[in-house]
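Numbering (this note's numbering), first residue to last: 34 to 465. See structure below.
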Amino acid sequence: MATTSGLKRSASPEVARQGESALKRVATTTEIATPLSRRCANHVAALEATPEAVNVAIHVKDVNETEGTKATVTLHDHVAAVPTMKTETQSTAIVQEALAEEVPEHLRQLKGFIINLERRPDRLARCREMLQKETPWLAFEEFKASDGTQNPIPETEVTTTWNTRCNAHFADYFEWVFDAPGTSLDGTPWKWACDTGKKDPDWTFAEDGDEEWTFVHDAGDASGRLGTATKLDTGEVFRVRLQFAQRYVNPGLEQRMSGGERGCAHSHLRMWQLAWERAEPTLVLEDDIQFCFTRSDSSLGESDGCVFTKRLALAMQHAPPDLDVLYLGWSGWRDGHNRHPKSSEDQRPDADRYLRKAEYVWTTVAYVITQAGASKLLAAAIPAINQPVDNFMAWQASQGRLNAYVVLDEGDADTTWCGGIVDQFDFQGDSD
Numbered sequence: 034m035a036t037t038s039g040l041k042r043s044a045s046p047e048v049a050r051q052g053e054s055a056l057k058r059v060a061t062t063t064e065i066a067t068p069l070s071r072r073c074a075n076h077v078a079a080l081e082a083t084p085e086a087v088n089v090a091i092h093v094k095d096v097n098e099t100e101g102t103k104a105t106v107t108l109h110d111h112v113a114a115v116p117t118m119k120t121e122t123q124s125t126a127i128v129q130e131a132l133a134e135e136v137p138e139h140l141r142q143l144k145g146f147i148i149n150l151e152r153r154p155d156r157l158a159r160c161r162e163m164l165q166k167e168t169p170w171l172a173f174e175e176f177k178a179s180d181g182t183q184n185p186i187p188e189t190e191v192t193t194t195w196n197t198r199c200n201a202h203f204a205d206y207f208e209w210v211f212d213a214p215g216t217s218l219d220g221t222p223w224k225w226a227c228d229t230g231k232k233d234p235d236w237t238f239a240e241d242g243d244e245e246w247t248f249v250h251d252a253g254d255a256s257g258r259l260g261t262a263t264k265l266d267t268g269e270v271f272r273v274r275l276q277f278a279q280r281y282v283n284p285g286l287e288q289r290m291s292g293g294e295r296g297c298a299h300s301h302l303r304m305w306q307l308a309w310e311r312a313e314p315t316l317v318l319e320d321d322i323q324f325c326f327t328r329s330d331s332s333l334g335e336s337d338g339c340v341f342t343k344r345l346a347l348a349m350q351h352a353p354p355d356l357d358v359l360y361l362g363w364s365g366w367r368d369g370h371n372r373h374p375k376s377s378e379d380q381r382p383d384a385d386r387y388l389r390k391a392e393y394v395w396t397t398v399a400y401v402i403t404q405a406g407a408s409k410l411l412a413a414a415i416p417a418i419n420q421p422v423d424n425f426m427a428w429q430a431s432q433g434r435l436n437a438y439v440v441l442d443e444g445d446a447d448t449t450w451c452g453g454i455v456d457q458f459d460f461q462g463d464s465d
């Protein structure tokens, strides 16, 4: 069944407490065969039909039970003759060992933890099957999530409310207000900028000039933007101007965290504790992680476990030694497309092809965290996590307290808002 998937992004303020809204990328049909395994299928069929040894470009997820034959396992330029075993379990073990030779040491040291609600075994099963199929080299295990909707979470660990004053520096809090100098109407909010493109039975709107303002591309330049709003039932015409809603920064608005948001934050808090106890980097995965989707540059084809492995290896190879967090899927601001541009952005190192310094990005669907990064986040969480966890992590990075980066896929450009080497599986409105 074909599915769609997406990564979260900043929402308009009225839905901020419900989390960041989704910017979707189209996912491919989830099949047993990947592009690599389709090429293998004919070779495997030939192997089963003839007793002679044949050269098989084999992927661990395509191993079939055969007897009395030998197969040559080809991995890029490496060829190793291995006996074809009598059971699928034994065959898988042999091929996994061969595949491990192709996986860099810094990846083999990773261990993944799938954050999953115990009452959602279906999501765990989907994720487990995908990982075994797409990244057979990765060791992983389940990490039971905190269920914020069914079990109480201490307010000393995660607050029940959060204030917008931090998030508002980077989120879409731009609004159109009435431009009527000398009247009481002047400066009164008319409509959020993100809502002007939606169909409205009561109003029409036209922005001055040829190019329409968008948050993603024009957030740093909102001055002088004017437009005309017409009330349909009376025909009244009003001039409006675009401005940032300062009340969301100072003093900020209190928002209530949902049970799901609190459970998510508490799960990651516990995950940081585990990561802090490990000497090697830890791969944190939420159970809606997706490896198979249409890439940012669709001409590159579909992403899969092979793309994931290659791009992650390159990113970690080029990551700085003081790395704290590496986001594998993201939406938001990073070097090349910062909300508050830096004077040094023109000086781009070679590593920029594989990863970029994060300024403020959303989503926690998948990230690598080091022991040092876990220590910093645990310290920042005292006395408690005080906002949704992706906002919490992003704020620490924006303030220079967390050395966070995002992984780039080959087609991710400076103008890409939502990118990386993973996506999110769409559970058709499921919010767990």
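Built from N, CA and C at the ideal position, the CB exists for glycine as well. These figures come from a predicted structure and were not determined experimentally.
Review point. Per DSSP, which one or two residues make a beta bridge with ARG280?
Key: Residue pairing by DSSP places ARG280 opposite no residue, since no beta bridge is assigned to it.
**Study point:** Buried or exposed by the 16-neighbour rule on C-beta atoms within 10 Å, applied to ASP505
**Key:** No statement about residue 505 is possible, as the shown extent of the chain runs from 34 to 465 and does not include it.
Practice item. Throw me the rounded Cβ distance for the LEU143 and GLN306 pair, which I believe falls under 8 angstroms. Key: The pair is not a contact, with the Cβ atoms about 18 angstroms apart (cut-off 8 angstroms).
**Study point:** Boundaries of the beta strand (DSSP E) in which ARG289 is found, first to last residue
**Key:** Its beta strand (DSSP E) spans residues 287-289.
Review point. For ASP235, which residues from the same chain have a beta carbon less than 8 angstroms from its beta carbon, with the 5 sequence-adjacent residues on both sides left out?
Key: Residues of the same chain with a CB within less than 8 angstroms of the CB of ASP235, apart from the 5 flanking positions on each side, are LYS264, LEU265, ASP266 in chain order.
Check your understanding: Which class does VAL455 belong to by DSSP, given the choice of helix, strand or coil?
Key -> The answer is coil: DSSP assigns VAL455 none of H, G, I, E or B.
Practice item. Determine contact between the segment 134-141 and the segment 279-298, defined as no fewer than three beta-carbon pairs at a distance below 8 angstroms. Key: Short answer: they don't touch.
Point to revise | the segment 424-435 / the segment 351-370 touching (three or more Cβ pairs under 8 angstroms) | key: Contact between the segment 424-435 and the segment 351-370 is present, because at least three Cβ pairs lie under 8 angstroms.
Practice item. Tell me whether the beta-carbon of THR197 lies closer than 7 angstroms to the beta-carbon of GLY285. Key: By the CB criterion at 7 angstroms, THR197 and GLY285 fall inside the cutoff.
**Study point:** Selection from GLU443, ASN371, ASP456 that minimises the alpha carbon distance to TYR400
**Key:** If we check each option's Cα against that of TYR400, ASP456 comes out closest.
Check your understanding: Whose CA, out of GLU208, THR193, GLY444, lies closest to the CA of SER332?
Key -> Looking from the CA of SER332, the closest CA among GLU208, THR193, GLY444 belongs to GLY444.
Exercise for review: Could you pull out every residue in the same chain whose Cβ sits closer than 8 angstroms to the Cβ of ASP383, ignoring the five residues on either side in sequence?
Suggested key: Here the set comprises HIS351.
Point to revise | Helix, strand or coil at GLU392 [DSSP, three-state] | key: Here GLU392 sits in strand by DSSP.
Practice item. Go ahead and label VAL358 buried or exposed: buried means 16 or more other beta carbons lie within 10 angstroms of its beta carbon, across all protein chains shown. Key: VAL358 is buried by the Cβ-count criterion.
Check your understanding: Of the choices PRO354, LEU356, TYR360, whose alpha-carbon is the least far from that of ARG344?
Key -> Ranking PRO354, LEU356, TYR360 by Cα distance to ARG344 puts TYR360 first.
Check your understanding: Nearest to HIS202 by alpha carbon, out of VAL394, ALA413, TYR438?
Key -> When the alpha-carbon of HIS202 is set against those of VAL394, ALA413, TYR438, the nearest one is in VAL394.
Check your understanding: Do the segment 180-190 and the segment 266-281 make contact, defined as three or more Cβ pairs closer than 8 angstroms?
Key -> Fewer than three beta-carbon pairs drawn from the segment 180-190 and the segment 266-281 are found closer than 8 angstroms, and the two stretches are therefore not classed as touching.
Review point. Is DSSP giving GLY274 helix, strand or coil here?
Key: Note that residue 274 corresponds to Arg in the displayed sequence, not to Gly. Strand.
Check your understanding: Excluding the five sequence neighbours on either side, which residues of its own chain have a C-beta within less than 6 angstroms of the C-beta of GLU240, listed in chain order?
Key -> Excluding residues within five positions, the ones whose Cβ falls inside 6 angstroms are GLY260.
Exercise for review: Mind reading off the beta-carbon distance from TYR206 to ALA262? Whole number of angstroms is fine, and I expect it under 8 angstroms.
Suggested key: Contact flag wrong, Cβ pair sits at about 19 angstroms.
**Study point:** Length of the line joining the Cα atoms of LEU164 and PHE176
**Key:** Rounded to whole angstroms, LEU164 and PHE176 show a C-alpha spacing of 15 angstroms.
Check your understanding: Apart from the five residues on each side of it in sequence, which residues of its chain come closer than 6 angstroms, Cβ to Cβ, to SER336?
Key -> Answer for SER336: PHE326, ARG328, listed in chain order.
Review point. Near GLU174, which residues of its chain fall below 7 angstroms by C-beta distance, leaving aside the five closest residues on each side in sequence?
Key: Cβ within range, chain order: PHE146.
Check your understanding: Cα-Cα, which of GLU310, PRO353, LEU302, GLY406 is closest to ALA417?
Key -> For ALA417, the nearest C-alpha among the options comes from LEU302.
Check your understanding: Excluding sequence positions up to five away, which residues of its chain have a Cβ less than 6 angstroms from the Cβ of ASP180?
Key -> Excluding residues within five positions, the ones whose Cβ falls inside 6 angstroms are LEU150, GLY296.
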